[in-house]
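Numbering-wise (the UniProt record's numbering), the sequence shown opens with residue 1 and increments by one. All C-beta atoms, glycine included, are put in the ideal place defined by N, C-alpha and C.
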Amino acid sequence: MSSANPELKKRIINAESKVKSAWDSTAASTTPKEPKPPNVRRKQ
């Protein structure tokens, strides 16, 4: 993958941050150790 294209790099970073935030919210709602935020109540 070429890192010479700044637009492509920006897109990849943006996509990775979206995936990370989605994974963080999923992990937070499925991990019993962490206190659940009151607005994440989809899985119940």
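Same chain, Cβ closer than 8 Å to residue i, neighbours up to 5 away in sequence not counted
i: N14; result: none
Where residue i falls: helix, strand or coil (DSSP)
i: A15; result: helix
i: A22; result: helix
i: A27; result: helix
6 Å Cβ shell around residue i - same chain, five flanking residues per side excluded
i: L8; result: none
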